[in-house]
DNA sequence: CTACATTGCGCAATGC
DNA sequence: TGCATTGCGCAATGTA
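Shown next as structure tokens:
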């Protein structure tokens with residue numbers, strides 16, 4: 001149901017009126033509206049800042065993964081090289097070397113390679 | 001300078017007027033305003049979605065770093081254990097083992113440990 | 001019912 | 001000249 005304009009004094013307040021009470025009410029609402037809009041804009045701004053923070057953290061983490069992966073790969077090669085140049089692999093029998101050396105870290109999660 | 005209300009026909013258009021031209025202009029602006037606001041809200045929504053995407057990616061990367069760090073630590077221990085149980089460390093002299101084994105990945109970047 | 005908060009909407013100024 | 005963007009007030013509606 002649309003408004004109820006110009007009911008003169010039907011209600012004690014509301015539309016199309018310039019009573020003191022009405023103006024006071026309008027003034028308070030206008031303040032509330034301004035306040036609410038400022039708040040809303042700040043929230044939007046914070047969300048955009050959050051995106052930037054997260055992008056930054058993400059870049060750092062990706063670099064870290066890259067470095068760790070490289071190091072791990074290097075150590076694995078070292079292991080394999082050593083294993084093929086010696087005959088007593090038995091020294092490592094207490095560890096599940098097979099598993100570790102065949103364990104590709106890039107398959108630990110299902111996300112895209114970076 | 002505040003508006004220029006009720007200049008009757010001073011301008012060919014503008015405020016406080018109900019000429020056909022004026023109404024057409026208002027109608028077009030109202031459309032533009034609605035359109036602009038829809039666009040604005042969509043952008044805000046997209047930004048929020050972006051935050052969620054980034055948080056998700058971040059979590060995955062952190063898990064990956066955790067796993068890689070653990071693996072690397074294990075391989076290092078293996079190396080050290082082997083090194084202390086054998087006398088011919090010379091086999092690894094072609095690599096900068098000292099550096100690798102003392103290279104703590106957690107110091108590669110300046111962010112907090114995870 | 002009272003009071004503030006949020007939201008859709010139109011107006012006008014201003015940006016492009 | 002015209003659409004796009006923005007601050008603002010009104011009224012309806014939501015919330016406490």
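Residue numbers (the UniProt record's numbering), protein chains in the order written: chain A, 1 to 114; chain B, 1 to 114.
Even glycine gets a Cβ: it sits at the ideal position worked out from N, Cα and C.
Neighbour flag for residue i against chain A, beta carbons, 8 Å
{"i": "residue 57 of chain B", "result": "yes"}
{"i": "residue 80 of chain B", "result": "no"}
{"i": "residue 127 of chain B", "result": "Because chain B in this structure spans residues 1 to 114, residue 127 of chain B falls outside the shown range and cannot be described."}
{"i": "residue 20 of chain B", "result": "no"}
{"i": "residue 42 of chain B", "result": "no"}
CB contact flag (residue i, residue j, <8 Å)
{"i": "residue 68 of chain B", "j": "residue 58 of chain A", "result": "no"}
{"i": "residue 72 of chain B", "j": "residue 72 of chain A", "result": "yes"}
{"i": "residue 47 of chain A", "j": "residue 51 of chain B", "result": "yes"}
Expected contact under 8 Å - CB spacing of residue i and residue j to nearest Å
{"i": "residue 54 of chain A", "j": "residue 55 of chain B", "result": "7 Å"}
{"i": "residue 39 of chain B", "j": "residue 65 of chain A", "result": "At roughly 37 Å, the Cβ-Cβ gap does not stay under 8 Å, so residue 39 of chain B and residue 65 of chain A are not in contact."}
Residue-chain proximity (residue i, chain B), Cβ-Cβ < 8 Å
{"i": "residue 48 of chain A", "result": "yes"}
{"i": "residue 51 of chain A", "result": "yes"}
Identify each residue in the region 58-79 of chain B for which the Cβ-Cβ distance to at least one residue of chain A is less than 9 Å, and report them in chain order.
-> When C-beta distances to chain A are compared with 9 Å, the residues of the region 58-79 of chain B below that value are 58, 60, 61, 62, 63, 64, 65, 67, 68, 69, 71, 72, 74, 75, 76, 78, 79, in chain order.
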